[in-house]
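Peer 1:
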Amino acid sequence: MQNFINILILVSCYFLLSGNILADKSMDRANNSVVSEFVFLGLTDSWEIQLLLFVFSSMVYVASMMGNSFIMLTVISDPHLHSPMYFLLVNLSFIDLGISSVISPKMIYDLFRKRKVISFGGCIAQIFFIHVIGGVEMVLLIAMAFDRYVAICKPLHYLTIMNRKMCILLTVAAWVIGLAHSVIQLVFVISLPFCGPNVLDSFYCDFPRLIKLACTDTYRLEFMVIANSGFISLGSFFILIVSYISILITVRKHSSAGTTKALSTLSTHVMVVILFFGPCIFVYIWPHPTSHLDKNLAVFDAVLTPFFNSVIYTFRNNEMKVAMRKVCSRFIIYRRIS
């Protein structure tokens with residue numbers, strides 16, 4: 489576990505350094521463009537709805553941060569959970585913390601601002617982190633599906649296949665792919681000229697709407713974004729669903745009694761996959777996007793999905809519930825002693 493933490497720190501440093509480099513490049517580009525900031529139209533003009541969104545988003549954001557942090561603390565502190573499945577779950581919780589923090593704080597802060605703005609460099613940095621985190625989570629979900637396949641279909645070889653080296657390799661591969669996925673697109677976007685308008689009908693920066701503001705023909709770039717983000721999301725989604733179906737078929741052939749247990753385990757993963765890939769596929773592939781629906785899906789993906797992930801993996805997993813009770817008990821005892 490210590491080796492994992494060291495590697496995670498190194499990868500995170502590289503992750504942050506890459507984001508700073510791209511932000512610096514975008515600022516240099518902004519000096520050569522008329523547009524130096526972008527204005528968000530936000531979610532709604534209704535004061536009542538804004539108040540409701542503020543209370544709801546703030547509560548869910550705090551709950552998501554606390555829930556995913558508690559999952560990480562529980563897995564790291566409990567030796568019984570030091571297995572490949574929970575190793576990947578810790579990484580997923582870490583990524584969910586990132587997803588929550590990239591969009592939600594800015595969205596909550598802007599709810600009552602009349603003029604919702606973000607700098608050119610801030611916009612580029614936000615896009616960078618969104619797609620790095622999205623790419624990492626996509627690979628992690630595939631890795632978790634592979635883990636369940638080995639555990640259910642090849643239980644005798646599970647610890648041999650899903651050893652420490654394999655887990656670290658999957659984690660590093662997820663970060664490398666996430667960085668590549670984000671940087672490949674940003675390299676082209678940073679070089680675009682932005683000379684006005686600078687209004688985004690959204691509450692955060694992302695490729696589809698930002699590209700449309702460029703003062704040049706962006707047809708090829710829009711297609712590249714669809715291919716890079718949309719088709720990859722769609723393909724990964726189908727790969728995961730097919731893999732889950734193949735697991736159920738394999739289990740049913742060997743033991744009909746094990747089908748119920750396997751179905752219960754896989755249903756958790758299927759729910760998380762649908763929550764993550766559903767909005768992504770719609771936003772990047774749907775040929776006739778609507779601003780209102782896009783915003784609702786974005787709020788769902790940025791605010792609710794990280795929260796639901798922590799809830800799903802906690803309340804549908806008996807081992808996690810038992811381990812969390814132990815952590816809470818130790819904390820209560822410590823508080824009484826101190």
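Going by the working numbering, the sequence shown opens with residue 489, and the numbers climb by one from there. Where a beta carbon is used, it is the ideal one built from N, C-alpha and C, also for glycine.
From G586 to N805, what distance separates their C-alpha atoms?
Peer 2: Against the sequence shown, residue 586 aligns to sequence position 98. Against the sequence shown, residue 805 aligns to sequence position 317. So the alpha carbons of these two residues sit roughly 23 Å apart.
Peer 1: Please name the residue or residues paired with S607 in a DSSP beta bridge.
Peer 2: For this step, residue 607 is matched to residue 119 along the sequence shown. Paired residue(s): E525.
Peer 1: Let me know the secondary structure DSSP gives L736 once reduced to three states.
Peer 2: Stepping through the sequence shown from its first residue, residue 736 is reached at position 248. If DSSP states are grouped into helix, strand and coil, L736 belongs with the helices.
Peer 1: Determine the extent of the alpha helix (DSSP H) in which R818 is found, giving its start and end residues.
Peer 2: If you number the sequence shown from 1, residue 818 lands on position 330. Looking at the DSSP string, the run of the alpha helix (DSSP H) that includes R818 is 806-825.
Peer 1: Buried or exposed for I618, going by 16 or more other Cβ atoms inside 10 Å?
Peer 2: Within the sequence shown, the letter at position 130 stands for residue 618. In the assembly as shown, I618 is a buried residue. Its beta-carbon has 16 or more other beta-carbons within 10 Å.
Peer 1: Can you round the beta-carbon distance between S798 and I559 to whole angstroms, since I take them to be within the 8 Å contact cut?
Peer 2: Indexing the sequence shown from 1 puts residue 798 at position 310. Indexing the sequence shown from 1 puts residue 559 at position 71. Yes, they are in contact, since the Cβ atoms of S798 and I559 sit about 6 Å apart, within 8 Å.
Peer 1: How about the segment 635-646 and the segment 550-558: do they share at least three Cβ pairs that are nearer than 8 Å?
Peer 2: no
Peer 1: Which stretch, first to last residue, makes up the alpha helix (DSSP H) that contains W663?
Peer 2: The residue labelled residue 663 in the question sits at position 175 within the sequence shown. Taken as a continuous stretch (DSSP letters only), the alpha helix (DSSP H) holding W663 covers 652-678.
Peer 1: Give me, in chain order, the residues of the same chain whose beta-carbon lies closer than 7 Å to that of A716; leave out the 5 immediate sequence neighbours on both sides.
Peer 2: The count along the sequence shown starts at 1 and reaches residue 716 at position 228. The sequence shown places Asn at residue 716, not Ala. Once the five neighbours on either side are set aside, the close Cβ partners of N716 are H669, I672, Q673.
Peer 1: Report, in whole angstroms, the separation of the C-beta atoms of L701 and F725, which I expect to be a contact under 8 Å.
Peer 2: Along the sequence shown, read from residue 1 onward, the residue named residue 701 stands at position 213. Along the sequence shown, read from residue 1 onward, the residue named residue 725 stands at position 237. Incorrect: roughly 29 Å between the Cβ atoms, too far for contact.
Peer 1: Find the nearest neighbour of V624 within the set M654, V664, R603, I564, judged by alpha-carbon distance.
Peer 2: Counting from 1 along the sequence shown, the entry for residue 624 is found at position 136. Among M654, V664, R603, I564, the Cα nearest to that of V624 belongs to V664.
Peer 1: By the 10 Å Cβ neighbour count, where 16 or more other Cβ atoms means buried, how is T704 classified, buried or exposed?
Peer 2: Taking the sequence shown and counting its residues from 1, one reaches residue 704 at position 216. Its Cβ having fewer than 16 others within 10 Å, T704 is exposed.
Peer 1: Alpha carbon to alpha carbon, how far is L539 from A661? Give it in angstroms, no decimals.
Peer 2: Taking the sequence shown and counting its residues from 1, one reaches residue 661 at position 173. Taking the sequence shown and counting its residues from 1, one reaches residue 539 at position 51. Cα-Cα distance, rounded: 41 Å.
Peer 1: Please name the residue in Y822, R818, I825 whose C-alpha comes closest to that of T562.
Peer 2: Within the sequence shown, numbered from 1, the residue matching residue 562 stands at position 74. The candidate whose alpha carbon is nearest that of T562 is R818.
Peer 1: Within 10 angstroms of the Cβ of I737, are there 16 or more other Cβ atoms? Answer buried if so, exposed if not.
Peer 2: Position 249 of the sequence shown, counted from the first residue, corresponds to residue 737. Under this definition I737 is an exposed residue.
Peer 1: Report the CB separation of S552 from F795 in whole angstroms; it is logged as a contact under 8 Å.
Peer 2: Your numbering for residue 552 matches position 64 in the sequence shown. Your numbering for residue 795 matches position 307 in the sequence shown. Yes, they are in contact, since the Cβ atoms of S552 and F795 sit about 4 Å apart, within 8 Å.
Peer 1: Roughly how many angstroms lie between the CA atoms of M808 and I621, to the nearest whole one?
Peer 2: Reading the sequence shown from its first residue, position 320 is the one you call residue 808. Reading the sequence shown from its first residue, position 133 is the one you call residue 621. Going from the Cα of M808 to the Cα of I621 covers about 24 Å.
Peer 1: Pop quiz: I630 and F528 are said to be a contact at Cβ under 8 Å. What is the actual Cβ separation, rounded to whole angstroms?
Peer 2: Walking along the sequence shown from the start, residue 630 turns up at place 142. Walking along the sequence shown from the start, residue 528 turns up at place 40. No, I630 and F528 are not in contact; Cβ-Cβ is about 33 Å, not under 8 Å.
Peer 1: Per the DSSP calculation, L688 is bridged to which residue(s)?
Peer 2: Within the sequence shown, numbered from 1, the residue matching residue 688 stands at position 200. Bridge partners of L688: F528.
Peer 1: Run the CB neighbour count on I509, radius 10 Å, all protein chains shown included, and call it buried at 16 or more, exposed below.
Peer 2: Against the sequence shown, residue 509 aligns to sequence position 21. Low per-residue confidence applies at I509: pLDDT is 45, beneath 50, and the placement is therefore not dependable, though the value from the model is reported in the following sentence. By the C-beta density criterion, I509 is exposed, having fewer than 16 other C-beta atoms within 10 angstroms.
Peer 1: Whether or not the segment 780-793 and the segment 579-593 are in contact is what I'm after, with contact meaning three or more pairs of Cβ atoms, one per stretch, closer than 8 Å; do they touch?
Peer 2: yes
Peer 1: Here's a check: name, in chain order, each residue in its chain whose Cβ is nearer than 7 Å to the Cβ of F770, leaving out the five neighbours to either side.
Peer 2: Taking the sequence shown and counting its residues from 1, one reaches residue 770 at position 282. Only L785 meet the Cβ criterion.
Peer 1: So, helix, strand or coil for C683, using DSSP?
Peer 2: Along the sequence shown, read from residue 1 onward, the residue named residue 683 stands at position 195. DSSP, reduced to helix, strand and coil, places C683 outside both helices and strands of the structure shown, so it counts as coil.
Peer 1: Which two residues bound the contiguous alpha helix (DSSP H) that contains K594?
Peer 2: Counting from one through the sequence shown, the residue named residue 594 turns up at place 106. Per DSSP, K594 is one residue of the alpha helix (DSSP H) stretching across 572-598.
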